[in-house]
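Residue numbers (the numbering used here), protein chains in the order written: chain A, 1 to 337; chain B, 338 to 674.
Just so it is clear, CB atoms sit at the ideal spot from N, CA and C, and this is done for glycine as well.
For reference, the structure discussed in these notes is given below.
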């Protein structure tokens, strides 16, 4: 394989007058280089077509300019949005994002993390739940030798984390339903998600409103039409069916809207629905939902990666607040209109 | 950065009894290794936690075991589906997919391709239109030194391509509308897509049916609600509005369904709609659309990459056939029911 004969750091030295060291540091976004010098170097590099070579960087600076991102899959547009925002932020910092999809295959997750921790990247972003993290990789992370940021639960308090703070938004969502007059509020969750925040908030707010928990209103489905349809059918068979549903996420909520409509329900007149994530489809269908700005998550992630934790220091937590986005799927229940 | 102390190829030699060369060839999926030997090697590697090191492979075999994928962005779920299928296929072949999002930034496209062609990957998959490809990279591709597969138009007939063959499906879609009794069929395209296949077919089938082209029924919007809403408003103001719309893709079609419904139109009773891509949302909303199986595209891509073209040989074209998926958004127009 012949390599492309491209401009080298020597050409950029000549073109800018800056030393190799300064150029390297500029591309690694190190604080010793002024914003103005960095700008000149980056602009000139663009002009002459110079691209920092990650292998050369790897040799000279002990860094690769690359980050690994572990995602479960891209079937939920929320993951694709997150990847897009992380990629934009990585580019903004003159680094490269390498994405690995685990497809929830534990062995493959471990292979990817091993691979990235073996000098291929400067650190990793773990955007999924991880059970039984590899002890060798964990030790590198714990000791601060290999920066890692966890997005959904961290294996120990010694790990860094970016947390989306949705509790307040889900409290607002539940109170929005209660204030609209709903008393029969159902929860539609996902089989494999344990006890997610929105389910915890659902139970808490009902308890505060002194509405007894009705187990028949709580259903866990898989991410498809059949099981959502089944849950809806069971609810409609009740003597006193729910008038509103808090859903685990937007995909489940969108299925519920379509299933409800195909059974002749008017949304929101007959059934109010709230989702979570704010995927593009939620905007189109007019779904009231909870949104966390993925570009703020991305900024938080790279701020942590760029300033690695030292051994013995506790793991840091960066919180990103979510919002409730009010659209057209909540209305008062029929009986009080 | 300390590397993880992981099992080496020597440990796998001991564990399997196969030579280093055979093990390397097995992980590179080379045909000299029998399927049975490969299976033993891969299973044993999994057991002892051995992961082929791309850098070592790079040195010993002149390959990296990595492929670059250039995508414009992930805002269209169709791109995310394609990435997911390419990633699954890369894994199946024991290789790693590196994804770069260009965000339609020409400089960034060139940087990524340069980077990948400089020994970082064994070849690239270009899943977007490319204008003005870098001459150095193009020369490597043209001469067969750097395998590349183009998905949407290739810069020259010396390049390999996987083409989605949608002409027949769009002909079926147009004939489906005509056979349902539609004569006033509109086309809703995207601003920046030139003359896409479905627009070409739209004009051809109308001409064959001797229906004169009405320029007022042809609108090009950007990928958002405002411009779709504007096109719909103009159509509904016509003395003789369209009774059916062929859309550039599913996103545009989904916007049109929601905009139509919010103006009180019943879909399909008042307006039939056909999309393209079959994104998950199309399944939920019951959209009739054109689907190309992304896993077949992925297989075609890797079959070409695994058997590189030689210099002087013409570029190869692998075609993947699409299907029409009939759901619930086409019905006869009101005037003939």
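Between the C-alpha atoms of residue 87 of chain A and residue 315 of chain A there is a straight-line separation of about 24 Å. A Cβ-Cβ distance of about 20 Å is found for the pair residue 213 of chain A and residue 232 of chain A, leaving them out of contact under the 8 Å criterion.
For residue 563 of chain B, the nearest beta carbon of chain A is not closer than 8 Å to its own beta carbon. For residue 465 of chain B, none of the residues of chain A pass the 8 Å Cβ criterion, the least Cβ distance being about 14 Å. In the DSSP assignment, the residues bridged to residue 556 of chain B are B:525. Setting aside the 5 residues that flank it on each side, residue 117 of chain A is surrounded in the same chain by 137, 140 and 146, each with a C-beta closer than 6 Å to its C-beta; the list follows chain order.
Residue 387 of chain B counts as buried, since at least 16 other C-beta atoms from the protein chains shown sit within 10 angstroms of its C-beta. Chain-order list of chain A residues neighbouring residue 622 of chain B: 258, by C-beta distance under 7 Å. Close CB contacts of residue 463 of chain B within its chain, under the 6 Å cut and outside five residues either way in sequence, are with 407 and 487 (chain order). Note that the stretch 512-519 of chain B does not touch the stretch 569-578 of chain B; fewer than 3 beta-carbon pairs, one per stretch, sit closer than 8 Å. Excluding residues up to 5 positions away in sequence, 142 and 315 lie with their Cβ nearer than 6 Å to the Cβ of residue 158 of chain A in the same chain. With respect to chain B, the C-beta atom of residue 84 of chain A has a partner C-beta closer than 8 Å. B:471 is the residue among B:589, B:459, B:471 and B:433 whose C-alpha sits nearest the C-alpha of residue 447 of chain B. For residue 105 of chain A, the three-state secondary structure derived from DSSP is coil. Secondary structure note for residue 346 of chain B: its alpha helix (DSSP H) is the uninterrupted segment 346-353.
Distance check between residue 432 of chain B and each of B:612, B:667 and B:379 places B:379 closest, using alpha-carbon atoms only.
With a cutoff of 8 Å on beta-carbon distance, residue 606 of chain B and residue 546 of chain B are scored as not near each other.
Distances from the CA of residue 272 of chain A to each of A:77, A:207 and A:286 were compared; the closest alpha carbon is that of A:286.
Residue A:207 holds the alpha-carbon nearest to the alpha-carbon of residue 184 of chain A among A:296, A:74, A:207 and A:144. In terms of Cα proximity to residue 537 of chain B, the closest of B:660, B:507 and B:643 is B:507. Each residue's CA atom was taken as its position, placing residue 174 of chain A and residue 198 of chain A some 9 Å apart.
Cβ neighbours of residue 566 of chain B within its own chain (closer than 7 Å, five residues either side excluded): 596. Shown in chain order are the members of the stretch 572-595 of chain B whose Cβ falls below 7 Å from a Cβ of chain A: 591, 592 and 595.
Here residue 371 of chain B is exposed. Its C-beta has fewer than 16 other C-beta atoms within 10 Å. In this structure, the alpha-carbon of residue 75 of chain A lies about 14 Å from that of residue 84 of chain A. Sorting B:501, B:361 and B:360 by C-alpha distance to the C-alpha of residue 634 of chain B places B:501 at the top.
Residues of the same chain with a CB within less than 7 Å of the CB of residue 22 of chain A, apart from the 5 flanking positions on each side, are 33 and 37 in chain order. For residue 643 of chain B, no CB of chain A lies under 8 Å from its own CB, so it is not counted at the interface with that chain.
For residue 33 of chain A, none of the residues of chain B pass the 7 Å Cβ criterion, the least Cβ distance being about 20 Å. Neighbours of residue 107 of chain A across chain B, judged by C-beta separation under 7 Å: 383.
Identification of chain B residues near residue 314 of chain A by a Cβ-Cβ cut-off of 8 Å yields none; the smallest Cβ-Cβ distance measures about 22 Å.
As DSSP reads the structure, residue 150 of chain A sits in a beta bridge with A:126 and A:161. Non-local C-beta neighbours of residue 578 of chain B in its own chain, meaning closer than 8 Å and more than five positions away in sequence, comprise 521 and 572, ordered along the chain. Residues of chain A with a Cβ closer than 7 Å to the Cβ of residue 410 of chain B are, in chain order, 84.
The beta carbon of residue 91 of chain A sits closer than 8 Å to some beta carbon of chain B. For the set A:148, A:144 and A:160, the Cα lying nearest the Cα of residue 68 of chain A is the one of A:148.
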